[in-house]
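First residue of the sequence shown: 0, per numbering that gives the first Met the number 0; consecutive thereafter. Just so it is clear, CB atoms sit at the ideal spot from N, CA and C, and this is done for glycine as well.
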Amino acid sequence: MRIALFFRRFGRMQTAIPPIVFALSMAWIVAAVPSGVLAQTPSQAPSPLNPAQTGSPRDSLQSFLRNTDALIALWRSNAPVHEQRLFLRAAVESFDFENSPYAASTSEQIERILLAREIIARTIVPPASAIPGPEEVARDGLTSWTLPGTDLRMERVGSGRDEGDFKFDTGTIGELELDYRRAAELPRLDGQTDLYQEYMNRPDAHGITSDAIATRLQSAGTSSPRETLEAFMFNVNAAYEIAMSAERALDAVPPQISIEDARAAQAVADDHLYQATSVFDLSQIPPVLRKDTGVEAALLLKEVLDRIPLPRLDAVPDAADLANLEPGQGYRWRLPGTRIEIERMQSGPNAENYLFDSATVSGLLESYKALEDLPYRSGSELTLSDFRSSNVTPGFYRFYITTPGYLVPSTHVIGELLEHLPAWVNVLISGQTLWQWAGLFLTGGTLFLVCWLTFRGFDTLSQRFPGATTAWLGIFAPVVSAYFVGVAARFVDDDINFTGVELGYLLFTSGVLELALYIWAVWRLFGAIGTTILASSTISSRGFDASLVRLLSGILAVAASIGVGAFGLERLGVDIVPLLAGLGVGGLAVALAIRPTLENLISGLILFSDKPVRVGDFCTFGGMSGTVEDVGIRSTQIRATDRTLISVPNAKFVDMELINWARCDKMLISTVVGLRYETSDDQLRYVLVKIREMMHAHPMIDKETIRVRFNSYGASSLDVSLRVYALTRDWNEFHAIKEDVFLRIKTIIEGSGTGFAFPSQTLYMAKDDGLDEDLGRAADAEVARWRDEGCLPFPRLSPARMDALQDTLDYPPQGSNEWAQKHAREEQAAEPLSTAPEAAAPHSIGEEDQDGGRPRTT
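#1: Take V315 as the anchor and find which of Y375, E246 and L177 has the nearest alpha-carbon.
#2: Whose CA, out of Y399, L175 and T292, lies closest to the CA of A268?
#3: Relative to the alpha-carbon of T337, which residue among L441, E351, L370 and M344 has its alpha-carbon at the smallest distance?
#4: By the DSSP assignment, the alpha helix (DSSP H) with R181 in it spans what residues?
#5: Report the option in L288, L114 and S244 whose CA atom is closest to the CA atom of Y195.
#6: Quick check on G285: buried or exposed, where buried means 16 or more other Cβ atoms within 10 Å of its Cβ?
#7: With hydrogens ignored, establish whether the beta-carbon of T807 is closer than 7 Å to any heavy atom of the ligand GDP.
#8: Alpha helix (DSSP H) containing S669: first to last residue?
#9: In or out: T640 buried (at least 16 other Cβ within 10 Å) or exposed?
#10: Who are the near neighbours of M694 in its chain, counting only those whose CB is closer than 7 Å to its CB and skipping five residues on each side?
#11: Can you grab the Cα-Cα spacing for the pair H734 / G713, in whole Å?
#12: Taking only the alpha-carbon atoms, compute the straight-line gap between F457 and A476 and give it to the nearest angstrom.
#13: Does A31 pass the burial test, meaning 16 or more other C-beta atoms within 10 Å, or should it be called exposed?
#14: Given this structure, state the Cα-to-Cα distance separating I413 from D494, to the nearest angstrom.
#15: Report all residues from its chain with a CB closer than 7 Å to the CB of I736; omit the five preceding and five following residues, and keep chain order.
#16: M655: which of I668, G621 and V688 sits nearest, CA to CA?
#17: Taking A89 and S59 to be in contact with their CB atoms under 8 Å, please state how far apart those CB atoms are, rounded to whole angstroms.
#18: Out of Q435, D680, E351 and I109, which has the shortest C-alpha to C-alpha gap to P326?
#19: Please state whether the Cβ-Cβ distance between N234 and A219 is less than 8 Å.
#20: Per DSSP, F617 is paired with what?
#21: Exposed or buried, which one is K745 when buried takes at least 16 other CB atoms within 10 Å?
#22: Assuming the contact rule is C-beta atoms closer than 8 Å, V278 and T227 should be a hit. Round their C-beta distance to whole Å, please.
#23: Kindly indicate which residue of V686, P812, N816 and F709 has the alpha-carbon position closest to the one of A778.
#24: Grab me the residues of S366's own chain with a C-beta within less than 8 Å of its C-beta, minus the 5 sequence neighbours each way, in chain order.
#25: Do W144 and P131 come within 8 Å of each other at the CB atom, strictly closer than that value?
#26: List the residues that DSSP assigns as beta-bridge partners of V707.
#27: Hey, how far is the Cα of I645 from the Cα of T626?
#28: Give the straight-line distance between the Cα atoms of W519 and H411, rounded to the nearest whole angstrom.
#29: Run through DSSP, which three-state label would P403 get?
#30: Ends of the beta strand (DSSP E) at M153?
#31: Give me, in chain order, the residues of the same chain whose beta-carbon lies closer than 6 Å to that of R155; leave out the 5 immediate sequence neighbours on both sides.
#32: What do you reckon, are the CB atoms on V719 and L674 nearer than 8 Å?
#33: Take the Cβ of Q431 as the centre, count every other Cβ of all protein chains shown within 10 Å, and call the residue buried at 16 or more, exposed below.
#34: Near F507, what residues of its chain come up, given a Cβ to Cβ distance below 7 Å and the 5 sequence neighbours on each side ignored?
#35: Could you tell me the boundaries of the beta strand (DSSP E) in which P648 lies?
#36: In the structure shown, what three-state DSSP assignment does E738 receive?
Pasting the structure below:
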């Protein structure tokens, strides 16, 4: 038995004896108690170097009473803390706190000391001679002693620094609160007030209490199944009593409290209700639903507990009963006759705490519906007398789900409105009242209109003023809409107070919509970043870098969207780990299905990194030529010379042999000129030399790359190979230079007296005049002169001759439009301050300079 036989007899005596007789009897008992046990306050404080005498039950009990009474006297007189501390340390020595759950909490130790003192103050303590002292301990080998008439037991410490000392054991310490609760109705034998209640009612005197901390942190004590159950019932009952009292006072005519006072009471009730929710394991509930699920679970569990018989409190394991559990060792306690279990958490932020497990939370609604038609438990049941708070809360759950989301509905405008509506609006349909469904539809319609106006406004602004600034403004449309979605969801949850499964679907739907809008905002964000970069004057909108910016912004937008989506889905309760695992398993099939797309994507990245062509480059690929207009993720767009648009998949384009004409620093002129077989050797030499001279003289031909050679004997011609580079990177200018070179070659060949051969058979039907003998003799004479002078330019021209010929040809050719424009620009650019008489006379065409130079032209 946990409660002393004395308490039962004493309670019966109190009810049977008249009050005056009872008071006189108590005075006689107090007077008869030996002074050696009920010690008075000592005249001097215990020495901090001399530990309290606890070598026997008598010494330990006397030390406890003496030092505790001194501590109380000092506390009541507001003595300095350092004086109180000495007596507190001495009183603590009589308790085995080191092996109890209260080893680290001085506040909890003080409470246990006062609880023990209050129990002893209601008990007839035997005389000192009847309590074992050091002699009896040594003679009888005593190891434990229990104060008669109580469960207060002292045990001898078997090892450690306190070996041999008698202290109140851990079981006694754990049961002190229950024992005090049972004896609290009995008066103190010394007639004084309850010290424990006096201490607990003055938190300013002993610091912040654990209850105050729990209220601030919205958490209840869960160090044992008993503490969890008691904390839950106490907090739900407190929330109910405070909220109902405030609601009745506010609805009274006239109101007995103000709106401000009612809201303050509601805040206190909310704190108690949220403390009650902390005793549940909600780790399996999505974060967005934990608060609502916890509140509903607390109210449903209270409805269940109010309809079933509760066990005796001492039958529920407390911290002392479970002190021998190893760290991490599992433990479960089931409420008799139910599926409600309290589990010791193994990991997470609630590790080592005892909470109602997740299976209990998920099954509470089913249990409530099964017991809903049963009457509430009677508050006078004997088994409930030990509970800190065992009252029932009739209709609390239904009251909560049918009113606005406030424990005192009249403090809210919706609550005031509902008081003027007919009763049929409170009819429940699928777990919600009619007025709640109406509020949901009105909220949804308003939300749609607000979001539509938001998008319409921002998108209209972006279309009217396109550019980087409006691209950034476009981000606000989905962000603002997502904010309004969240506001609407919270309004339906907190104010309209949707509950149950319907609330889960509603919050999941609104969460998905909000997540989609944020992903949309991410897309617009990276689009705005890309637009801002492309707006720079250093980047061409059709250039390769612009395409790279667009591609990278798209890839980053996809990656960021996946991250935002994964985070949002996880908060909505979607387990993304199996989803990712499923993607891994199905990744192979998906990769095979989209292999061409992946190849094109990877090839596009190769094109961007290797850069064989850029946007705007003219290139030749696969027998076709054109200008690159765009390099995308999947394909490359090329504008052909016939102005058609060719789309080539990146995977195919990157494997082609690409000729990028835009990368040429020089452009090749290569051809073969066929001369007639009638051409003499010297004529051939003449042609070769003149062509080489022309090439060296041409200002648009690279002098280091000139190659003009008699290459081969063709089927019908003497083949002269020409291979030179034009100093240009412009395609049109290249063809102009090539045309000029070919025209000059034609003039040289015709001027040498020979001609072009052609692969055909000629049937001469008339007398052939043959070749021009005069021109032939002139060419032969020129070559003979070169030979006689030892300057025959074979196999190549001499360096002196090449230097003399450097850029001596006129290009553009004299008489052409470009030649006239060039000289006009030169004349406009030359504006001398004065004109000398000798410089004023212009040269005529063909007139030579006085120094024997080449003719000057004007």
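Reading off the structure:
#1: L177
#2: Distances from the alpha-carbon of A268 to those of Y399, L175 and T292 put Y399 closest.
#3: L370
#4: T169 to A182
#5: L114
#6: Per the sequence shown, the amino acid found at residue 285 is Pro instead of Gly. Buried, because 16 or more other Cβ atoms sit within 10 Å of the Cβ of P285.
#7: Summarising the ligand content, the structure contains no ligands, and the ligand GDP is consequently not present.
#8: Here S669 belongs to no alpha helix (DSSP H); instead the beta strand (DSSP E) covers M666 to L674.
#9: exposed
#10: I700, I705, V707 and V723
#11: Rounded to the nearest angstrom, the two C-alpha atoms are 27 Å apart.
#12: 6 Å
#13: In this prediction, A31 scores a pLDDT of 37, lower than 50, which makes its location untrustworthy; the coordinate-derived value is nonetheless stated afterwards. Per the 10 Å Cβ criterion, exposed.
#14: 8 Å
#15: M699, A725 and T727
#16: G621
#17: For a cut-off of 8 Å, the C-beta gap from A89 to S59 is around 11 Å, too long to register as a contact.
#18: E351
#19: yes
#20: Its beta-bridge partners are T626.
#21: exposed
#22: Distance from V278 to T227 at the Cβ level is roughly 5 Å; contact confirmed, criterion being Cβ atoms closer than 8 Å.
#23: V686
#24: L299, V303, T337, R338 and I339
#25: yes
#26: L721
#27: Roughly 10 Å between the two C-alpha positions.
#28: 36 Å
#29: coil
#30: R152 to R155
#31: T142 and F165
#32: yes
#33: buried
#34: L571
#35: L644 to P648
#36: Helix at E738.
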